[in-house]
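First comes the structure, then the notes that go with it.
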Amino acid sequence: MPSQRSAIPPVYYAIFCIYEPMLTTMGLVGAFIDPKKTHNSQAPWPPSSPPPDHLPLATTVTILQLAHVCGLLGLVNIFVLGTARRYLSGQPTLQEKVVGALLTPLLIGDIFHLVVTLWALGDVRWKFLEWSPMLWTTVILGLTLLIPRVTWHLGIGRYVEARDGKVL
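Numbering (the numbering used here), first residue to last: 1205 to 1372.
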């Protein structure tokens, strides 16, 4: 059980060790069940250029590999955060370092994911009414992870050594 001085209190644990792995697992399973639907729903298709009837093999392999990486990130969260919470609960400073080492690259990834998604959309990027439901889901769910990572880095609702370590 984490102490009151935890770098990964219950709300962050629930977001990054339950919610995020659930999302990544759902994405993994969805892509494996129907890679064509996953591919075709990533962005809007212009009426003059409908999605292909059959995906090239390289595209299918790429979709499944990307889905695997997403699922793997969720699994890494479970193992790293679970271990930090379980074995470092009495050492909040070390716990903060370990959790930060996980959440920092994930925050960078969240930002780049959003930027790359918007960049890749080209002229459709600001035509929100043309966005596919999957695109909306990708952006909104991405923000539901990006925002808590930012709040974690800002020290909101958690132990911060620089602030709390001196008040013992």
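A virtual CB, placed ideally from N, CA and C, is assigned to each residue, including glycine.
Asked	Found
Between which two residues does the alpha helix (DSSP H) containing V1319 stretch?	P1296 to A1324
Using 10 angstroms around the beta-carbon of S1207, count the other beta-carbons present and answer buried if the total reaches 16, otherwise exposed.	Any reading at S1207 is ruled out, since the residue's pLDDT is 43, under 50, leaving its predicted position unreliable.
Would you decide whether I1212 is buried or exposed? Buried here means 16 or more other CB atoms lie within 10 Å of its CB.	buried
Counting along the chain, where does the alpha helix (DSSP H) carrying Q1269 start and finish?	L1261 to Y1291
Which whole-angstrom value is the C-beta distance of L1306 and L1285, which I expect to be below 8 Å?	7 Å
Using the Cβ count rule (16 or more neighbours within 10 Å means buried), how would you classify F1220?	buried
Here's a check: name, in chain order, each residue in its chain whose Cβ is nearer than 7 Å to the Cβ of H1243, leaving out the five neighbours to either side.	L1259, T1263 and I1267
Rounding to the nearest angstrom, what Cα-Cα distance links D1327 and G1234 in this structure?	28 Å
What's the call for D1238, buried or exposed, on a 16-neighbour Cβ count within 10 Å?	exposed
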